[in-house]
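Here the structure is laid out as structure tokens; the discussion comes afterwards.
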Amino acid sequence: MENINTATGWDAELYNDKHSFVFKYGEDLIDLLLPKEGERILDLGCGTGYLTNAIATSGATVIGIDNSLEMITKAKIAYPQLEFKVLPGEEFHFDEHFDAIFSNAALHWMLEKEKVIDCMYRNLKRTGRIVLEMGGKNNIENIITALKESLIKHGFAENASIAVWYFPSEAEYTALLEKRGFKVTYAAHFSRETTLNDTRNGIKDWVKMFGSQFLNGINNELVDIILNEVQNTLRPILFKDNNWHADYKRLRIIAIK
Ligand code: BEZ
Numbered sequence: 034m035e036n037i038n039t040a041t042g043w044d045a046e047l048y049n050d051k052h053s054f055v056f057k058y059g060e061d062l063i064d065l066l067l068p069k070e071g072e073r074i075l076d077l078g079c080g081t082g083y084l085t086n087a088i089a090t091s092g093a094t095v096i097g098i099d100n101s102l103e104m105i106t107k108a109k110i111a112y113p114q115l116e117f118k119v120l121p122g123e124e125f126h127f128d129e130h131f132d133a134i135f136s137n138a139a140l141h142w143m144l145e146k147e148k149v150i151d152c153m154y155r156n157l158k159r160t161g162r163i164v165l166e167m168g169g170k171n172n173i174e175n176i177i178t179a180l181k182e183s184l185i186k187h188g189f190a191e192n193a194s195i196a197v198w199y200f201p202s203e204a205e206y207t208a209l210l211e212k213r214g215f216k217v218t219y220a221a222h223f224s225r226e227t228t229l230n231d232t233r234n235g236i237k238d239w240v241k242m243f244g245s246q247f248l249n250g251i252n253n254e255l256v257d258i259i260l261n262e263v264q265n266t267l268r269p270i271l272f273k274d275n276n277w278h279a280d281y282k283r284l285r286i287i288a289i290k
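As structure tokens, this is what we get:
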């Protein structure tokens, strides 16, 4: 199987094997969630369910949703005792509302952010809370810049101009939440340079896994040339101590309905 996700298909195997840092870093977000036995919690953008399961160990009832069938299929196999559903973050409805909504490294994929915020609000109980972490302003800026420059250089300006992610500032996202009626009680924007698993092709692997939408329609040979070029451009900035790093910037939020 090609190790590339498209807009609709994730390689959940590759995600678990080589990109597990995504959910491993989310573990300390659970400390902010403080899940309690008896609570009903939604894990929004749950991926392969690792954090959904970690939250469930508190005794809370946790439901995981994700727009990717591949991810949800894997989550259901790994954690058959938990409930998972394929649902988009921009359009979900549960008759029984939640005490808390948790989301790690997922909201930056949902470009219709007002719709997501509205859905979270409507599916929470009165005084329910949201505990979120997503890519924040300037997230992976070096990777994006190098990739776009290389795409343009090789005649793919259209690929370079597509909107794939939403990385808001603290001020922008808290304003959107407050506009919908949330009270923001905690917000932080911080750097988290993240070591990638593959010491040889860390950047190439990362772009194949997460940035494949930029490569749509480009033949494999040229993709390889572009990704080698991107990796070489980034070597002086993101290759340190014999490891590749991604220049992540995180936005963490807690807010109450
Ligand atoms: C992130 O977690 O910041 C992220 C992951 C994949 C693509 C873009 C951003």
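This note's numbering puts the sequence shown at residues 34 to 290.
Glycine included, C-beta positions come from ideal geometry on N, C-alpha and C.
* Own chain residues within Cβ distance below 6 Å of residue 282, not counting five before or after -> Against the sequence shown, residue 282 aligns to sequence position 249. The answer, listed in chain order, is 169, 171, 172 and 224.
* Asked: Under 7 Å from any heavy atom of ligand 1, does the C-beta of residue 83 make it?
  -> What you label residue 83 is simply residue 50 of the sequence shown in a count that begins at 1. Annotation for residue 83 indicates a beta carbon at 7 Å or more from all heavy atoms of ligand 1.
* Find the nearest neighbour of residue 129 within the set 94, 102, 112 and 135, judged by alpha-carbon distance. => As a first step, residue 129 is located in the sequence shown; it is residue number 96 there, counting from the start. Closest option to residue 129, judged by alpha-carbon separation, among 94, 102, 112 and 135: 94.
* What residues are listed by DSSP as bridge partners for residue 118? -> Here the question's residue 118 lines up with position 85 in the sequence shown. The partner list for residue 118 (beta bridge, DSSP) reads 98.
* **residue 76, enclosing beta strand (DSSP E) - first and last residue** => Along the sequence shown, read from residue 1 onward, the residue named residue 76 stands at position 43. It spans 73-77 - the beta strand (DSSP E) in which residue 76 sits, taken as one unbroken run.
* Can you tell me which of the three DSSP states residue 268 falls into? => Counted from its first residue, the sequence shown places residue 268 at position 235. Per DSSP, reduced to three states, the secondary structure at residue 268 is helical.
* For residue 220 versus residue 150, is the C-beta spacing smaller than 8 Å? -> Position 187 of the sequence shown, counted from the start, is the residue given in the question as residue 220. Position 117 of the sequence shown, counted from the start, is the residue given in the question as residue 150. Contact flag unset, no.
* Give me the Cβ distance between residue 192 and residue 247, rounded to the nearest whole Å; I'm assuming they're in contact under 8 Å. => Here the question's residue 192 lines up with position 159 in the sequence shown. Here the question's residue 247 lines up with position 214 in the sequence shown. In this structure residue 192 is in contact with residue 247, their Cβ atoms being roughly 5 Å apart against a cut-off of 8 Å.
* Would a check of beta-carbon distances place residue 177 closer than 8 Å to chain D? -> Looking at the structure shown, chain D is missing, and only one protein chain is on hand.
* Please classify residue 284: does DSSP put it in a helix, a strand, or coil? => As a working mapping, residue 284 is identified with position 251 in the sequence shown. DSSP, read as helix, strand or coil, puts residue 284 in strand.
* Kindly examine ligand 1 and report whether one of its heavy atoms sits closer than 7 Å to the Cβ of residue 236. => What you label residue 236 is simply residue 203 of the sequence shown in a count that begins at 1. No - ligand 1 has no heavy atom lying nearer than 7 Å to the Cβ of residue 236.
* residue 85 versus 120, 134, 101 and 271, residue with shortest Cα-Cα distance -> For the purposes of this step, residue 85 is taken as residue 52 along the sequence shown, with counting starting at 1. Ranking 120, 134, 101 and 271 by CA distance to the CA of residue 85 puts 134 first.
* Asked: In whole angstroms, what is the alpha-carbon distance linking residue 177 and residue 241?
  -> Locating residue 177 in the sequence shown gives position 144, counting from the first residue. Locating residue 241 in the sequence shown gives position 208, counting from the first residue. In this model, residue 177 and residue 241 are separated by some 13 Å (Cα to Cα).
* Cβ of residue 135 within 7 Å of any heavy atom in ligand 1? -> Taking the first residue of the sequence shown as position 1, residue 135 is located at position 102. Distances between the C-beta of residue 135 and the heavy atoms of ligand 1 are all 7 Å or more.
* **Where residue 162 sits in the DSSP three-state scheme** => The count along the sequence shown starts at 1 and reaches residue 162 at position 129. Looking at residue 162 - three-state DSSP - the assignment turns out to be strand.
* Since residue 250 sits in a beta bridge, which residues does DSSP pair it with? -> By 1-based counting over the sequence shown, the position of residue 250 is 217. Looking at the DSSP assignment, residue 250 forms no beta bridge with any residue, so it has no partner.
* By Cβ distance, which residues of its chain are closer than 7 Å to residue 189, with the 5 residues on each side in sequence left out? -> On the sequence shown, residue 189 is found 156 positions in, with the first residue counted as 1. The beta carbon of residue 189 is closer than 7 Å to those of 251 in its chain, skipping five residues each way along the sequence.
* Asked: Looking only at its own chain, which residues have a Cβ that is under 6 Å from the Cβ of residue 184, when we skip the five neighbours before and after it?
  -> On the sequence shown, position 151 is the one that residue 184 refers to. Cβ neighbours of residue 184 beyond the five flanking positions: 192 and 193.
* Spatial distance of residue 58 from residue 253 (CA atoms) -> Counting from one through the sequence shown, the residue named residue 58 turns up at place 25. Counting from one through the sequence shown, the residue named residue 253 turns up at place 220. In a straight line, the C-alpha of residue 58 is about 32 Å away from that of residue 253.
* Between the stretch 258-275 and the stretch 193-205, do at least 3 Cβ pairs fall closer than 8 Å? -> No, the stretch 258-275 is not in contact with the stretch 193-205.
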